[in-house]
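Colleague: Protein chains in written order, with our numbering: chain A, 33 to 272; chain B, 33 to 272. Each residue gets a CB set at the ideal place from its N, CA and C atoms; glycine is no exception. Note that the structure is predicted; figures quoted are calculated from it, not measured.
Protein chains: 2
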Amino acid sequence: MTKDTTRVFQHGTLATLVPGLLDGTIRLDELAKHGDAGIGTATGLDGEMIMLDGVAYLVRSTGEVKVLGPDTLIPFATVHFDDQNVEDGFEVHDLDMKQLSKHILANYPYHNIFFAVKIVGNFKYMQTRAVKGQKKPYPTLAEVASEQAIFYEEDSKGTVIGYFSPELFQGMAAAGYHLHYLDEAKTMGGHILSFGITDAKVFLQPFATIEQHLPLDNADFMHHKLDMDGLSEEIKKAEE
Amino acid sequence: MTKDTTRVFQHGTLATLVPGLLDGTIRLDELAKHGDAGIGTATGLDGEMIMLDGVAYLVRSTGEVKVLGPDTLIPFATVHFDDQNVEDGFEVHDLDMKQLSKHILANYPYHNIFFAVKIVGNFKYMQTRAVKGQKKPYPTLAEVASEQAIFYEEDSKGTVIGYFSPELFQGMAAAGYHLHYLDEAKTMGGHILSFGITDAKVFLQPFATIEQHLPLDNADFMHHKLDMDGLSEEIKKAEE
Chain A
33 MTKDTTRVFQ
43 HGTLATLVPG
53 LLDGTIRLDE
63 LAKHGDAGIG
73 TATGLDGEMI
83 MLDGVAYLVR
93 STGEVKVLGP
103 DTLIPFATVH
113 FDDQNVEDGF
123 EVHDLDMKQL
133 SKHILANYPY
143 HNIFFAVKIV
153 GNFKYMQTRA
163 VKGQKKPYPT
173 LAEVASEQAI
183 FYEEDSKGTV
193 IGYFSPELFQ
203 GMAAAGYHLH
213 YLDEAKTMGG
223 HILSFGITDA
233 KVFLQPFATI
243 EQHLPLDNAD
253 FMHHKLDMDG
263 LSEEIKKAEE
Chain B
33 MTKDTTRVFQ
43 HGTLATLVPG
53 LLDGTIRLDE
63 LAKHGDAGIG
73 TATGLDGEMI
83 MLDGVAYLVR
93 STGEVKVLGP
103 DTLIPFATVH
113 FDDQNVEDGF
123 EVHDLDMKQL
133 SKHILANYPY
143 HNIFFAVKIV
153 GNFKYMQTRA
163 VKGQKKPYPT
173 LAEVASEQAI
183 FYEEDSKGTV
193 IGYFSPELFQ
203 GMAAAGYHLH
213 YLDEAKTMGG
223 HILSFGITDA
233 KVFLQPFATI
243 EQHLPLDNAD
253 FMHHKLDMDG
263 LSEEIKKAEE
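Below, the structure written as structure tokens:
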């Protein structure tokens, strides 16, 4: 299989998590055929997944960081093949998350497309969260998000991986930025709430193709009646 | 390239047509690498495109039906490889479009997924439309739709091709059914408004993967600021 760096692959949709369809529906080794970098979650929303160099780590609400095995089932994940030859990486210094987000959209005409964001370097501070794993019958995404653990570290060295999704695709993905973090020591990470960069290199990888994969063999997904009203509000509440 | 019959490929989004971004952005021969059946439009919305057995026909507002050449540029199209071995084709008699649409969703758990619809047979009546080609500066989709030509034929024999898209993907595609028609003599067709079936065979082809391709090399698309408010209303107005 060729490693096409112009496409992003997503299994499941964010909308499916909102009402609490939290069973894993793709094996990690199957997911890894579509990318070596990315973000996701685990069955029951048992933490925040980040994939770096083909290895998937799960940051749990206990703070534990573990490597996931190939047979782990994943309900929702977005992955791509990291383009090591990205030439438009740029250095940044003393910038927070909001300033960087603004800087990117002001300097690149990328607001209508999906692109990956990778940030490698030193962070003055990094604030993340990890949601707490749930058992069946699953609660809604908003209920799970209200039980999250928050982690904060100063002077952290590590990698941010995530995506920007255009507003048109809200519901399929989280519109805007959705970033996860793992420190170099692999001891701290999660879904990013905020950060301050001391010095880092930022890589952007725009995608021409979005491959959206749906779990056709999952009866809960197939039979669920999606409530479109308020979907966007529920997502914003849970993701921010 | 393997002909994967479990995926559908779309170039461009319906949302991009709404404000009038009507330039073709993919060559037909490139599009044909991703499917041999499907629907779409032409630069300036100069008619309704239907692809059958790898041949793309354009039904223009004049009523003319022409075969498109490989270098034709297409702004928006959805294609897939028609699965000739689809086993769950079913016979229908004396059914109109609304009854068939309802029958499908009542009998197949397909409301959350994309699937292709192919109907081959005899139609008591077939009512289609074809929008009128526009020149730059392009008007909006709603303005173009108000200038459409309507065609009506009784006792027509031919093929319906199109898609069902889940509500979550409204804007990327037209949520619900979006069907085009071409009669066997290749003299009448277009975007379907209504039909009555005398007797026909219906084939449904569900897709596990939706491949959404965006025109990253088109400056109008990249720089356009999408107005999400009222997008769904504009689409409903133009597509129905």
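With distances taken between CB atoms, is the gap from B:M254 to A:N144 smaller than 8 angstroms?
Modeller: In terms of Cβ geometry, B:M254 and A:N144 form a close pair [threshold 8 angstroms].
Colleague: How big is the Cα-Cα spacing for B:A138 and A:L236?
Modeller: 45 angstroms
Colleague: Applying the criterion that 16 or more other CB atoms from any shown protein chain within 10 Å of the CB defines a buried residue, is B:T273 buried or exposed?
Modeller: Residue numbering for chain B in the displayed model covers 33 to 272; residue 273 of chain B lies beyond these limits and cannot be assessed.
Colleague: Taking the C-alpha atoms as reference points, what is the distance between B:I229 and B:Q159?
Modeller: B:I229 and B:Q159 have their alpha carbons spaced roughly 12 angstroms apart.
Colleague: A:L246 touches chain B at which residues, Cβ-Cβ below 7 angstroms?
Modeller: Within chain B, the residues near A:L246 are I145 and A240.
Colleague: Since B:V67 meets chain A, which of its residues come closer than 7 angstroms, beta carbon to beta carbon?
Modeller: The question names Val, but residue 67 of chain B in the sequence shown is Gly. Per Cβ cutoff of 7 angstroms: no residues; B:G67 is ~14 angstroms from chain A at best.
Colleague: Taking Cβ positions only, does B:P141 come closer than 8 angstroms to chain A?
Modeller: Yes, because at least one Cβ of chain A sits closer than 8 angstroms to the Cβ of B:P141.
Colleague: Residues in the same chain with beta-carbon distance under 6 angstroms from A:L13, minus the five sequence neighbours each way, listed in chain order, please.
Modeller: For chain A, the structure presents residues 33 to 272; residue 13 of chain A sits outside this window and is missing.
Colleague: Expressed to the nearest angstrom, what Euclidean distance is found between the alpha-carbon atoms of B:H256 and A:P198?
Modeller: So the two alpha carbons sit approximately 12 angstroms from each other.
Colleague: Among the residues of its own chain, which have a CB less than 6 angstroms from the CB of B:L211, if the five just before and after it don't count?
Modeller: V192, G194 and I224
Colleague: If we ignore side chains and look at the alpha-carbon of each, how far apart do B:G56 and B:P238 end up?
Modeller: 28 angstroms
Colleague: Short of 7 angstroms in beta carbon distance, which residues of its chain neighbour A:P171, apart from the five on each side in sequence? Order them along the chain.
Modeller: G52
Colleague: In this structure, how does DSSP classify B:A69 when only helix, strand and coil are distinguished?
Modeller: strand
Colleague: Roughly how many angstroms lie between the CA atoms of B:M83 and B:K168, to the nearest whole one?
Modeller: Cα to Cα, the separation comes out at about 26 angstroms.
Colleague: Can you look up B:H256 in the DSSP assignment and give me helix, strand or coil?
Modeller: coil
Colleague: Compare the C-alpha of B:G222 against each of B:L248, B:L46 and B:M81 and name the closest.
Modeller: B:M81
Colleague: Any C-beta of chain A within less than 9 angstroms: which residues of the segment 199–228 of chain B qualify?
Modeller: E199, L200, F201, Q202, G203 and M204
Colleague: Across the segment 239–249 of chain A and the segment 35–49 of chain A, are there enough close Cβ pairs to call them in contact, namely three or more that are closer than 8 angstroms?
Modeller: With the cut-off at 8 angstroms, the segment 239–249 of chain A and the segment 35–49 of chain A touch.
Colleague: A:P247 to A:D126, Cα distance in whole Å?
Modeller: 42 angstroms
Colleague: Which residue wins for smallest C-alpha separation from B:G208, given the options B:V149, B:A177, B:A217 and B:D61?
Modeller: B:V149
Colleague: Listed in chain order, which residues of the segment 112–134 of chain B have Cβ atoms closer than 7 angstroms to some Cβ of chain A?
Modeller: Cβ contacts with chain A come from no residue of the segment 112–134 of chain B.
Colleague: What three-state label does DSSP hand A:A207 in the structure shown?
Modeller: coil
Colleague: Along the chain, where does the beta strand (DSSP E) that runs through A:K134 open and close?
Modeller: Premise fails: A:K134 lies in the alpha helix (DSSP H), M129 to N139, not in any beta strand (DSSP E).
Colleague: Please state whether the Cβ-Cβ distance between A:I151 and A:A109 is less than 8 angstroms.
Modeller: Remark: C-beta atoms of A:I151 and A:A109 do not approach each other more closely than 8 angstroms.
Colleague: In the structure shown, what three-state DSSP assignment does B:L225 receive?
Modeller: strand
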